[in-house]
Amino acid sequence: MRGISVLVFAVMGLFLGSWCAFAEAFEVIAPPQPVEVLPVDLATLVFQVINNDPATKTFNLDVEVPPRIQLVEPLGPLTIPSGGHETVFVTLLVPESSLAGNQVIRLKATLQTDPTQTQTATGILDVLPVSALEIDPPAREGMEIGGSEELTFHLVNRGNTADRFLLTFSSNRKIEFTLQALTLGLLPGEEQDVVLLVSIPKGTKSGVERVTLVGHSLTSSQETSAVAELDILPALPKDVRGTLFATIPASISVSLQGGSAPGLSLLTALSGGGPLPDDQNLSFRLTLAGLTQVQSLHAEWVTPQIGITLGDLSLALSNLIAMGGRGGSLTLHPDSIKNSQATLATVTTNDKALIGGVVQFDVIGLLPALAARFQPADQQLLVGAGLGVPFGTLGVLTLNAALSRNTTSQDQAVFLKIFSPPGSLAFQGDLIYAGRDFLGTQRDLMGLSFDQLLDIMGISI
Numbered sequence: 010m011r012g013i014s015v016l017v018f019a020v021m022g023l024f025l026g027s028w029c030a031f032a033e034a035f036e037v038i039a040p041p042q043p044v045e046v047l048p049v050d051l052a053t054l055v056f057q058v059i060n061n062d063p064a065t066k067t068f069n070l071d072v073e074v075p076p077r078i079q080l081v082e083p084l085g086p087l088t089i090p091s092g093g094h095e096t097v098f099v100t101l102l103v104p105e106s107s108l109a110g111n112q113v114i115r116l117k118a119t120l121q122t123d124p125t126q127t128q129t130a131t132g133i134l135d136v137l138p139v140s141a142l143e144i145d146p147p148a149r150e151g152m153e154i155g156g157s158e159e160l161t162f163h164l165v166n167r168g169n170t171a172d173r174f175l176l177t178f179s180s181n182r183k184i185e186f187t188l189q190a191l192t193l194g195l196l197p198g199e200e201q202d203v204v205l206l207v208s209i210p211k212g213t214k215s216g217v218e219r220v221t222l223v224g225h226s227l228t229s230s231q232e233t234s235a236v237a238e239l240d241i242l243p244a245l246p247k248d249v250r251g252t253l254f255a256t257i258p259a260s261i262s263v264s265l266q267g268g269s270a271p272g273l274s275l276l277t278a279l280s281g282g283g284p285l286p287d288d289q290n291l292s293f294r295l296t297l298a299g300l301t302q303v304q305s306l307h308a309e310w311v312t313p314q315i316g317i318t319l320g321d322l323s324l325a326l327s328n329l330i331a332m333g334g335r336g337g338s339l340t341l342h343p344d345s346i347k348n349s350q351a352t353l354a355t356v357t358t359n360d361k362a363l364i365g366g367v368v369q370f371d372v373i374g375l376l377p378a379l380a381a382r383f384q385p386a387d388q389q390l391l392v393g394a395g396l397g398v399p400f401g402t403l404g405v406l407t408l409n410a411a412l413s414r415n416t417t418s419q420d421q422a423v424f425l426k427i428f429s430p431p432g433s434l435a436f437q438g439d440l441i442y443a444g445r446d447f448l449g450t451q452r453d454l455m456g457l458s459f460d461q462l463l464d465i466m467g468i469s470i
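In our numbering, the protein residues as written are 10 to 470.
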C-alpha cells in the first residue's frame, strides 16, 4: 500500500513539474496602469515579453483592438534569447469617433515553432470624454414685416459620449421667438433638427436680423453657437402707417365732396400709383366726421419737373427692388422727353445707409427702365432692368429682371405682369420667379396668378 502511494506521488510530481515548466516557458506582462488619451491623438501601451525557455525563441505578435481605434503599424516577429526579455510598444490612433471609457487592448504572443503555445496580456486604454456640438444654421432668408418664418438648425453630437445640451437664443433686436425644445439629449454621432419660429411684429424696421442659437453642454463647460441671418424686407407703401413727407416745390388743388359717411377715420396711408405712372400726381384722401354736408376732403399735389422728398420713405424702384427708411429723394421729370423720370434716393435703416435710383425713358412707345440699390455696409448690390409695353386702352405688359449679390451669394429674379385697366373686362396676370438667395422684394418663390373682373350691366364680378 505504501509503495502504491509513493508511485502516485512521484507521477503527480513529474506532471506538475512539466506543467510548471511549460507554463513558464514564456510570458507577456501587461502595462501596470491604464493609459489616458483624448481624441484625436496617439497613445502607446508598453508590454513586456519574457523568454524563460533554456533556448532562444521567436514569437509572432498580434494586437486586438476595439472598433474605431486603429493600430498605427503591425508588429513583426520577435526573437528573444534564453532568459531574456523585450519591450513591445503598441502605438494606437484614437480618432474623433472613439467612444469614451475603458477600451481593452490585447497583445498575444505565439511561439513560431509551436503555434499551440500562446500567451496573452491585456492593457487598458482610457479614452477621456469630449463634448462637441456642431450647429448648422439655415440659409439666409427674407421675411415680410408682420410675417413669421420657421428657422431649422441642424445639430450633430460630434463628441464621443452621450450629452445633453441647453439651447438658448438671442437676436440683435426685440423680435418674437418660439423654440421647439429647450434641452436636447444626443448620443455620439446622433443628428437632430431644432425648429425656431420667428415672428416679425408690425412696426419693425427693415434690415438684417441676426438670430443666434447657443448649445451649452450640461456635462462640461463647452458651448457652440451658430447665427442665422434674416433679411427683413421694407414695408410696401400700402403697409406704411403714420408716415409724413412733403414734396417741394409743389402746387396744390383741393376739392370738397358731399356724403354721409359716419365715424371718424384719420389718415391711414400715403402712397403713389405705380413707380412710373403716366402722370406725376401723388394723392391721398382724408375722411372726416362731424361735418353735416362735407364728409371727405381730397387733396392732390402735382409735382413739377424737379421734386424733393424728405421723411420716412418707402420707395418701389421696380417690381423686384425696393428700399425704405428715413432719408430723402430727388426726382426729375424733364418735359422734353415724354414719359421720362429719374429718381435718386438715400435712406438709413438700422444705422445702415442705402443708396438707390431708377431711370425711365420712352423709346418708340416702349418704356425701358433701369434700377439699382446698394448697401455699402454689407456689400449688397441689386441691379435690375424693366420694360413696359403699352397696348393703348387694352393694357400694359411689364417685364422686370434683377440680379442681387453680396459677399457670400448671388441670385436673380424675373417678374412678368399683364394688366388691363378697369372696364367691361379687366384682368391682371403675374408670373414670378425669385431665387432662394435673392435680396429683393421676393425670395425663394415661383408662381403664377391671374385675377379677372367682369362688369356686366353695372354689376361687378
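Where is the CB? At the ideal position from N, CA and C, for every residue including glycine. Here the structure is a predicted model, which is why all the values come from computation and not from measurement.
For this session: In angstroms with no decimal places, state the Cα-to-Cα distance between L242 and L324.
Result: Cα-Cα distance, rounded: 12 Å.
Exercise. Using a Cβ-Cβ cut-off of 8 Å (strictly less than) and excluding sequence neighbours within five positions of N415, which residues of its own chain qualify?
Worked result: Close CB contacts of N415 within its chain, under the 8 Å cut and outside five residues either way in sequence, are with D387, Q388, Q389, L390 and L448 (chain order).
For this session: Give the straight-line distance between the Cα atoms of A331 and Q451, rounded to the nearest whole angstrom.
Result: Looking at the two C-alpha atoms, the distance is approximately 10 Å.
Exercise. What are the boundary residues of the beta strand (DSSP E) that includes K117?
Worked result: Start and end: G110 to L120.
Problem set entry | For A130, the three-state DSSP class (helix, strand or coil) | It is a strand residue.
Problem set entry | Simplified DSSP state of Q359, which is helix, strand or coil | With the sequence shown as reference, residue 359 is identified as Asn, and Gln is not the correct amino acid for it. Secondary structure of N359 (DSSP, three-state): coil.
Exercise. How many Å lie between G156 and L108 at the Cα?
Worked result: Looking at the two C-alpha atoms, the distance is approximately 45 Å.
Problem set entry | Closest residue to V236 among T355, T228 and E218 (Cα-Cα distance) | When only C-alpha atoms are compared, the closest one is E218.
Exercise. Can you check whether the CB of E232 is closer than 8 Å to the CB of V220?
Worked result: Not closer than 8 Å, so no.
Exercise. Around the C-beta of R382, are 16 or more other C-beta atoms found within 10 angstroms, so that it is buried, or is it exposed?
Worked result: Classification of R382: buried, given that the 10 Å Cβ count is 16 or more.
Problem set entry | CB contact flag (F56, L116, <8 Å) | Result yes, Cβ atoms of F56 and L116 sit closer than 8 Å.
For this session: Check A378 in the structure and name its three-state DSSP category.
Result: DSSP places A378 in strand when its eight states are reduced to three.
Problem set entry | Other residues of its chain near A64: CB distance less than 7 Å, five sequence neighbours each side excluded | S91.
Exercise. Quick one, are the C-beta atoms of S140 and S226 less than 8 Å apart?
Worked result: In contact: S140 and S226 (Cβ atoms closer than 8 Å).
For this session: Only counting runs of 3 or more residues, tell me where the beta strand (DSSP E) segments fall wholly within the segment 143-208, in order along the chain.
Result: Here the runs fully enclosed are 150-152, 157-166, 172-180, 185-188, 192-195 and 200-208.
For this session: Tell me where the beta strand (DSSP E) around N69 begins and ends.
Result: Segment K66 to E73, the beta strand (DSSP E) holding N69.
For this session: Consult DSSP for R335 and reduce its assignment to one of helix, strand or coil.
Result: Note: R335 maps to strand in three-state DSSP.
Problem set entry | the segment 45-59 contacting the segment 126-142, beta-carbon criterion three pairs below 8 Å | Judged by pairs of C-beta atoms under 8 Å, the segment 45-59 touches the segment 126-142, as three or more such pairs exist.
For this session: Could you tell me whether the segment 32-42 touches the segment 74-86, where touching means 3 or more Cβ pairs closer than 8 Å?
Result: Too few Cβ pairs lie closer than 8 Å, so no.
For this session: Identify, in the order they occur along the chain, each residue of the same chain with its Cβ nearer than 6 Å to the Cβ of Q126, setting aside the five sequence neighbours on each side.
Result: Same-chain partners within the cutoff: L120.
Problem set entry | Presumed contact (8 Å Cβ cut-off) between G8 and T358, rounded CB distance | Missing from the structure shown is residue 8; the chain here goes from 10 to 470 and no further.
For this session: Kindly list the residues whose CB is nearer than 6 Å to the CB of I427, restricted to its own chain and excluding five residues on each side of it in sequence; keep chain order.
Result: Contacts found: L406 and G438.
Problem set entry | Residues that T233 bridges to, as DSSP identifies them | Bridge partners of T233: G224.
For this session: Using three-state DSSP, classify S140 as helix, strand or coil.
Result: The answer is coil: DSSP assigns S140 none of H, G, I, E or B.
Exercise. When the Cα atoms are used, what is the spatial distance from D453 to I441?
Worked result: So the two alpha carbons sit approximately 10 Å from each other.
For this session: Go ahead and label K211 buried or exposed: buried means 16 or more other beta carbons lie within 10 angstroms of its beta carbon, across all protein chains shown.
Result: Residue environment: K211 is assigned as exposed (fewer than 16 neighbouring CB atoms within 10 Å of its CB, all protein chains considered).
For this session: State the CB to CB distance for the pair G397 and S327, rounded to an integer number of angstroms; the pair is presumed to be in contact (CB under 8 Å).
Result: G397 to S327, Cβ: 11 Å. No contact.
Exercise. When the Cα atoms are used, what is the spatial distance from V49 to S106?
Worked result: Distance from the CA atom of V49 to the CA atom of S106, rounded to whole angstroms, is 9 Å.
Problem set entry | Neighbourhood of V74 by C-beta distance below 7 Å, restricted to the same chain and skipping five residues each side | Here the set comprises L80, L101 and I114.
For this session: Report yes if the CB atom of V46 is closer than 8 Å to the CB atom of L175, and no otherwise.
Result: No, the Cβ-Cβ distance between V46 and L175 is not below 8 Å.
Exercise. Assuming L164 and L137 make a contact with CB atoms under 8 Å, what is their CB distance in whole Å?
Worked result: Not really, about 23 Å apart at Cβ, beyond 8 Å.
For this session: Provide the residue(s) that pair with I38 in DSSP beta bridges, ordered along the chain.
Result: I38 pairs with Q57.
Exercise. Measuring CB to CB, does P197 end up less than 8 Å from G168?
Worked result: Remark: C-beta atoms of P197 and G168 approach each other more closely than 8 Å.
For this session: Kindly list the residues whose CB is nearer than 6 Å to the CB of E143, restricted to its own chain and excluding five residues on each side of it in sequence; keep chain order.
Result: These residues qualify, in order along the chain: V165 and R167.
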